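Chemist: I have a structure I would like to understand better, so I am pasting it below and will then ask my questions one at a time.
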């Protein structure tokens, strides 16, 4: 488009030039003047329409006017010098040409240095000095040429200084106006070059007039100057429309419109013809000139608009492509999000149950052996009940982060739901599986810090293997779940059980017990059994240890160790524990009133009961209703469950002690109980495990263990009770320790209330 603008302007100008040279020179002069005025008016009108770019329009117009006058006057000066027979002072023209050469070199040098990018003060100082020297030399040459014969030296010097400084300042101001930081290509050098050549050509023009060359030659050269004028403005339009296209794309201009005043000139021409200022021939020539210009202008505008439309279409296409790419990226992100949603648990980021089962089935399909582990958090429900679900969620997230660090046997870990997790490891060997289970136990048993709370939990793990134990995903998960439930019933620190067929039979039994517990009548199904705590020096009964007993119509007698873990799992443990504690407290109150004997009752308290939010309120309610002395109650904590102690458990123990109850540790000596945890409990007594007492009379190692426990208790300042004493040899071994802290034992088997009264209270 810009080339079309340039070529059409050149061709039309040359055509008019040739036409008017051949037919009528005077009309050609008038036509070119009119065309020149029209172009200038059009450019000025555009500057008024586009306020944002009027500054640039004026500056560019200034540049182009300097250029066209340079060409015009240069041609006239050269022709005048030639036609005058070389009568102009040769020294002056030699100086002029020398200065022109210096100007060209300096313009190239400044263009190379891009003075407009250099510090402004340096550039302005350099320009001012250069222009002053140049215009001083130029002024001296002109004054000497015209007035050297009549002016004195001082007059010449004064005029030179005045003219050079004034012109330098003027040019400097014009340079400042022309300088634009956003259009770096227009440098000081270009402006100085235009100004210098203009002044030099103006001097040559004056020389031409002084030499009085033929007027016809002057008119011919003037016609050439007008041709140069039109061509220079065509170049100006060439650059201007290029900027307009860029602006149209940048600012979204839909239609580029230029205001020109050609129609005004036509009106004036017709009016001039009517009043006989011009003849019909001249009017036709003028109208032809206007027609050519208008046609050229509209053609240029049409093509320019077409180019803008094409540019906008390209921009739209580009935006469409960008929008499509953006949409594709969004779809990819959505697909990734859906994939994560389909594969991962929303809370923890671990694999979810659905995808984990698919993973198992893929392994089964290719016949790859693997081990499946069912992982259940112990006491997590109490964490939710006590601290709220927000804390529970934070605990799950923290544990999931730990699970993700497990890199053993390409382990894949999933959250099945709630506090249940599962893991798949690519091995069926026992040793690496045991290592993995140990690592999982360590990660979970390590306290989790949440909101300044140390949350401690245990873990139960069930293990099954493909293809040894089952060949489908459903059976494998069921087997692992069965093994996990069996692990929950273990009183060991590491609760990990491998599946066997015998566990399945037990699982059916546990399932039936679970169903019965949910609908059981507590008063008819349960009973409380007691066994005495005896001072083995005086043989007096000083207390009792109570235990709940269940005789089911379907299964007969069911041990507490079997049904209590199931009750903890299905939530019936709270109702059972309340029933048990009320009956025990009531019985102690009855014995105190009937036999005038205050027996201290030792009650086993599991972690599930201890961490229950309603435990303390329930305890206080029973004690207050029965008007029972709380010091007659000893809450025995199970050692295996106290290897890790939460802040909440410590708080509950402290509240029990504040009510007057004492704290004991049951089955002591069989679990790795940290001493700092024991210090947290502030226990009153510890029960030596019956597994140690059983062989204390015949086994020296067991005797040594028992003695170590006694010495430890003496150091702690707590009393010791021997648990499960059944014969005189065991009593003799205990008496041999001669410890003031060991004076009592839990003797014999559990018995009913009536039997206990008959044997120990009625005599």
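In the numbering used here, the protein residues as written are 7 to 769.
Just so you know, even glycine gets a beta-carbon here, dropped at the ideal spot from N, CA and C.
None of the values given here were measured: they were computed from a predicted structure.
Roughly how many whole angstroms lie between the Cα atoms of residue 495 and residue 340?
Modeler: Within the chain shown, numbered from 1, the residue matching residue 495 stands at position 489. Within the chain shown, numbered from 1, the residue matching residue 340 stands at position 334. Looking at the two C-alpha atoms, the distance is approximately 45 Å.
Chemist: Reducing DSSP to helix, strand and coil, say where residue 756 ends up.
Modeler: Residue 756 sits at position 750 when you count from the first residue of the chain shown. Residue state, collapsed to three classes: coil.
Chemist: Between the alpha carbons of residue 512 and residue 460, how many angstroms are there, rounded?
Modeler: For the purposes of this step, residue 512 is taken as the residue at position 506 of the chain shown. For the purposes of this step, residue 460 is taken as the residue at position 454 of the chain shown. So the two alpha carbons sit approximately 36 Å from each other.
Chemist: Looking only at its own chain, which residues have a Cβ that is under 8 Å from the Cβ of residue 510, when we skip the five neighbours before and after it?
Modeler: As a working mapping, residue 510 is identified with position 504 in the chain shown. Hits under 8 Å: 485, 488.
Chemist: Return helix, strand or coil for residue 55, following the three-state DSSP convention.
Modeler: Counting from one through the chain shown, the residue named residue 55 turns up at place 49. Annotation note: pLDDT 40 at residue 55 (below 50); position unreliable, no value reported.
Chemist: In angstroms, rounded to a whole number, what distance separates the CA positions of residue 280 and residue 294?
Modeler: As a position in the chain shown, residue 280 is number 274, starting the count at 1. As a position in the chain shown, residue 294 is number 288, starting the count at 1. Each residue's Cα considered, the two are about 18 Å apart.
Chemist: Mind checking residue 3: buried by the 16 CB within 10 Å criterion, or exposed?
Modeler: Nothing can be reported for residue 3: it is not among the residues displayed for the chain, which extend from 7 to 769.
Chemist: Taking only the alpha-carbon atoms, compute the straight-line gap between residue 575 and residue 529 and give it to the nearest angstrom.
Modeler: By 1-based counting over the chain shown, the position of residue 575 is 569. By 1-based counting over the chain shown, the position of residue 529 is 523. Straight-line Cα distance between these residues: approximately 21 Å.
Chemist: Does the beta-carbon distance from residue 412 to residue 469 come in below 9 Å?
Modeler: On the chain shown, position 406 is the one that residue 412 refers to. On the chain shown, position 463 is the one that residue 469 refers to. Contact flag unset, no.
Chemist: Ignore the nearest five residues each way along the sequence and tell me which others in residue 514's own chain have a CB closer than 6 Å to its CB.
Modeler: Numbered from 1 along the chain shown, position 508 holds the residue referred to as residue 514. Contacts found: none.
Chemist: Who pairs with residue 606 in a beta bridge, going by DSSP?
Modeler: What you label residue 606 is simply residue 600 of the chain shown in a count that begins at 1. Answer is 549.
Chemist: Have a look at the DSSP bridge pairing and note the partners of residue 557.
Modeler: Position 551 of the chain shown, counted from the start, is the residue given in the question as residue 557. According to DSSP, which records beta bridges pairwise, residue 557 is partnered with 563.
Chemist: Do you know how far the Cα of residue 428 is from the Cα of residue 483?
Modeler: Stepping through the chain shown from its first residue, residue 483 is reached at position 477. Stepping through the chain shown from its first residue, residue 428 is reached at position 422. Taking the straight line from one Cα to the other gives about 9 Å.
Chemist: Alpha carbon to alpha carbon, how far is residue 493 from residue 738? Give it in angstroms, no decimals.
Modeler: The count along the chain shown starts at 1 and reaches residue 738 at position 732. The count along the chain shown starts at 1 and reaches residue 493 at position 487. Whole-angstrom Cα-Cα distance: 37 Å.
Chemist: In whole angstroms, what is the alpha-carbon distance linking residue 755 and residue 730?
Modeler: Position 749 of the chain shown holds residue 755. Position 724 of the chain shown holds residue 730. Approximately 8 Å between the Cα atoms of the pair.
Chemist: Considering only residues of the segment 708 to 765, which uninterrupted alpha helix (DSSP H) runs meet the minimum length of 4 residues and lie entirely inside it, listed in chain order?
Modeler: Entirely contained in the segment 708 to 765, the alpha helix (DSSP H) runs reaching 4 residues are, in chain order, 734 to 741, 759 to 762.
Chemist: So what's residue 630 in DSSP terms, helix, strand or just coil?
Modeler: For the purposes of this step, residue 630 is taken as the residue at position 624 of the chain shown. Reduced to three states, the DSSP call for residue 630 is helix.
Chemist: Name the DSSP beta bridge partners of residue 489, please?
Modeler: On the chain shown, position 483 is the one that residue 489 refers to. The partner list for residue 489 (beta bridge, DSSP) is empty, contrary to what the question assumes.
Chemist: Do you know whose CA, among 647, 640, 646, 430, lies nearest residue 664's CA?
Modeler: As a working mapping, residue 664 is identified with position 658 in the chain shown. That would be 640, whose Cα lies nearest to the Cα of residue 664.
Chemist: Could you tell me which of 458, 547, 434 sits nearest to residue 475, measuring between CA atoms?
Modeler: Translated into positions along the chain shown, residue 475 becomes position 469. Closest by alpha carbon: 434.
Chemist: For the alpha helix (DSSP H) holding residue 438, just list the boundary residues, first then last.
Modeler: Position 432 of the chain shown, counted from the start, is the residue given in the question as residue 438. Taken as a continuous stretch (DSSP letters only), the alpha helix (DSSP H) holding residue 438 covers 436 to 451.
Chemist: Closest by CA to residue 448, which one among 431, 436, 466?
Modeler: Counting from 1 along the chain shown, the entry for residue 448 is found at position 442. The option with the nearest alpha carbon to residue 448 is 466.
Chemist: With DSSP as the reference, label residue 420 as helix, strand or coil.
Modeler: Reading the chain shown from its first residue, position 414 is the one you call residue 420. Looking at residue 420 - three-state DSSP - the assignment turns out to be strand.
Chemist: Specify, as a first and last residue, the run of the beta strand (DSSP E) that residue 466 falls within.
Modeler: Counting from 1 along the chain shown, the entry for residue 466 is found at position 460. Residues 464 to 472.
Chemist: For residue 363 and residue 481, which I take to be in contact (beta-carbon distance under 8 Å), what is that distance rounded to the nearest angstrom?
Modeler: Translated into the one-based positions of the chain shown, residue 363 becomes position 357. Translated into the one-based positions of the chain shown, residue 481 becomes position 475. Rounded, the Cβ-Cβ distance is 12 Å, inconsistent with contact.
Chemist: Use the C-beta contact count for residue 538: other C-beta atoms within 10 angstroms, 16 or more gives buried, fewer gives exposed.
Modeler: Along the chain shown, read from residue 1 onward, the residue named residue 538 stands at position 532. That one is buried.
Chemist: Go ahead and pull the three-state DSSP assignment for residue 478.
Modeler: Here residue 478 refers to the residue found at position 472 of the chain shown. Here residue 478 sits in coil by DSSP.
Chemist: Just to check my reading of the structure: residue 752 and residue 516 have Cβ atoms closer than 8 Å, yes? What is that Cβ distance to the nearest angstrom?
Modeler: Position 746 of the chain shown, counted from the start, is the residue given in the question as residue 752. Position 510 of the chain shown, counted from the start, is the residue given in the question as residue 516. Rounded, the Cβ-Cβ distance is 29 Å, inconsistent with contact.
Chemist: Since residue 428 sits in a beta bridge, which residues does DSSP pair it with?
Modeler: On the chain shown, position 422 is the one that residue 428 refers to. Per DSSP, 380, 420.
Chemist: Compute the Euclidean distance between the alpha carbons of residue 692 and residue 724, then round it to the nearest angstrom.
Modeler: One-based indexing of the chain shown puts residue 692 at position 686. One-based indexing of the chain shown puts residue 724 at position 718. The straight-line gap from Cα to Cα measures roughly 7 Å.
Chemist: Would you kindly check if the distance between the Cβ of residue 719 and the Cβ of residue 673 is under 9 Å?
Modeler: As a position in the chain shown, residue 673 is number 667, starting the count at 1. As a position in the chain shown, residue 719 is number 713, starting the count at 1. Cβ atoms of residue 673 and residue 719: not closer than 9 Å.
Chemist: Would residue 490 and residue 572 qualify as a contact pair, given that the criterion is a beta-carbon distance under 9 Å?
Modeler: The residue you call residue 490 lines up with position 484 of the chain shown. The residue you call residue 572 lines up with position 566 of the chain shown. No; because the gap between Cβ atoms is not below 9 Å, this pair is not in contact.
Chemist: Helix, strand or coil for residue 571, going by three-state DSSP, please let me know.
Modeler: Here residue 571 refers to the residue found at position 565 of the chain shown. Helix, per DSSP.
Chemist: Enumerate in chain order the residues of its own chain whose CB-to-CB distance from residue 592 is below 8 Å, with the five nearest sequence positions on each side excluded.
Modeler: On the chain shown, residue 592 is found 586 positions in, with the first residue counted as 1. Result list for residue 592: 632, in chain order.
Chemist: Output yes or no for whether 9 Å exceeds the beta carbon distance between residue 443 and residue 502.
Modeler: Taking the first residue of the chain shown as position 1, residue 443 is located at position 437. Taking the first residue of the chain shown as position 1, residue 502 is located at position 496. Yes. Within cutoff.
Chemist: Between residue 671 and residue 645, what straight-line distance do the alpha-carbon atoms span, to the nearest angstrom?
Modeler: Within the chain shown, the letter at position 665 stands for residue 671. Within the chain shown, the letter at position 639 stands for residue 645. Taking the straight line from one Cα to the other gives about 6 Å.
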